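I have placed the structure first, in the form of structure tokens, so that the comments after it can refer back to it.
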Amino acid sequence: EQPVLALVKEPSRFGSEDVHTGQPCSCEGIVSRNAASFPVAEMAHQVFKYVRAGHVKTDEHWTRKWRRAPLIHEKPKKDVDANG
């Protein structure tokens, strides 16, 4: 349990940003699965998912305010320093 909790406190590998503030945020959680194929009926035994507490920021009116978060390739390129 402790290794998982330590991992989710690290910054996201994809440079995630809070969709409301635009500020960097920690990863939302971890999803892991066995590499071998398995039938759908076995999914609950083959896939692990942990989502950190507090990452969902919705209220009862979330469907009216919903905004799609951009994928990493859709985000504007950050300025690159002189060293490239």
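To convert a position in the sequence shown, counted from 1, into the numbering used here, add 190. Glycine included, C-beta positions come from ideal geometry on N, C-alpha and C. Small disclaimer: the values here were computed from a predicted structure and weren't measured.
Inset, instruction - In angstroms with no decimal places, state the Cα-to-Cα distance between A234 and P266. - result: Between A234 and P266, the C-alpha separation is close to 37 angstroms.
Legend entry - Separation of K199 from P193, as counted between CA atoms: Distance between P193 and K199, taken at the CA atoms: about 10 angstroms.
Inset, instruction - Over the uninterrupted beta strand (DSSP E) stretch that includes V237, give me the two end residues. - result: Unbroken beta strand (DSSP E) run through V237: 237-241.
Inset, instruction - Express the C-alpha separation of V237 and E191 in angstroms, rounding to a whole number. - result: If I take the Cα positions, the gap works out to 16 angstroms.
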